[in-house]
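**Q** If you read the sequence shown in our numbering, its first letter stands for residue 40, the second for the next number, and so on.
Where is the CB? At the ideal position from N, CA and C, for every residue including glycine.
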Amino acid sequence: MVQQKRNRSPRYSVPNNEQAVVSIGAEKHKGTLHVLSLTGGAIRLDKRFAPGALGGIAIDTVSGKFSAAIEFLPMANSKAQPFRFVAMGAVARERLDDALNKMRGQGLAVKKSPLDQFRSLAQQVLSRGRRK
């Protein structure tokens, strides 16, 4: 079996305290986007949600408004709640992709931490050792 290399989707810092609305059931929570990527992001909210909680998110971007279904992920050492996109329409995907391309052009990419860089290097070295 061939092992696929997993590449993490590039993350982008969201400028200007951009707002988004998270819907969980009948509740709506306004938050500030912190990080965004093609696969998810992180949002600062007044309320924390349990990992695995499902909801929806509506985001206004420079490319237009889009919405998607999300799943909340476990909290890290951040003040922002991470989430991943679980369902998104074709138009929403295009708008997100266009907005991220514009963010890339503005130099808003989140740089890897030294620990992330070390992990990547270690994975490369270990995978080379397995091939021999």
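Could you name the residues of the same chain whose beta carbon sits closer than 6 Å to that of LEU77, not counting the 5 residues immediately before and after it, in chain order?
**A** Within the sequence shown, the letter at position 38 stands for residue 77. Counting only Cβ-Cβ distances below 6 Å, and skipping sequence neighbours, we find SER48.
**Q** For THR100 and ASN46, what's the separation of their Cα atoms in angstroms?
**A** Within the sequence shown, residue 100 is the residue found at index 61, counting from 1. Within the sequence shown, residue 46 is the residue found at index 7, counting from 1. Approximately 25 Å, taken between the alpha carbons.
**Q** Spell out a yes or no on whether the segment 100-120 and the segment 82-90 are touching, meaning 3 or more CB-CB pairs, one atom from each, closer than 8 Å.
**A** Output reads yes: the segment 82-90 touches the segment 100-120.
**Q** Are the CB atoms of LYS24 and ALA97 nearer to each other than 8 Å?
**A** Lying before the first or after the last residue shown, residue 24 is absent from the chain, which here runs from 40 to 171.
**Q** Using the three-state DSSP reduction, which class does PHE88 fall into: helix, strand or coil?
**A** Residue numbering aside, residue 88 sits at position 49 when the sequence shown is read from its first letter. The answer is coil: DSSP assigns PHE88 none of H, G, I, E or B.
**Q** Per DSSP, MET145 forms a beta bridge with which residues?
**A** Numbered from its first residue, the sequence shown carries residue 145 at position 106. Here residue 145 turns out to be Gln, not Met, going by the sequence shown. GLN145 pairs with nothing; no bridge assigned.
**Q** Please classify PHE122 as buried or exposed, where buried requires at least 16 other C-beta atoms within 10 Å of its C-beta.
**A** Taking the sequence shown and counting its residues from 1, one reaches residue 122 at position 83. PHE122 is buried by the Cβ-count criterion.
**Q** Within the same chain, show all residues whose beta-carbon is closer than 6 Å to that of ARG132, passing over the 5 residues directly before and after it, in chain order.
**A** Here residue 132 is taken as the residue at index 93 of the sequence shown, counted from 1. There are no such residues.
**Q** Indicate whether ALA107 and ALA126 have their beta-carbon atoms separated by less than 8 Å.
**A** By 1-based counting over the sequence shown, the position of residue 107 is 68. By 1-based counting over the sequence shown, the position of residue 126 is 87. In this structure, ALA126 lies closer than 8 Å to ALA107 by Cβ.
**Q** Which residue comes first and which comes last in the beta strand (DSSP E) that contains PRO54?
**A** Position 15 of the sequence shown, counting from 1, holds the residue named residue 54. Per DSSP, PRO54 belongs to no beta strand (DSSP E) and is neither H nor E.
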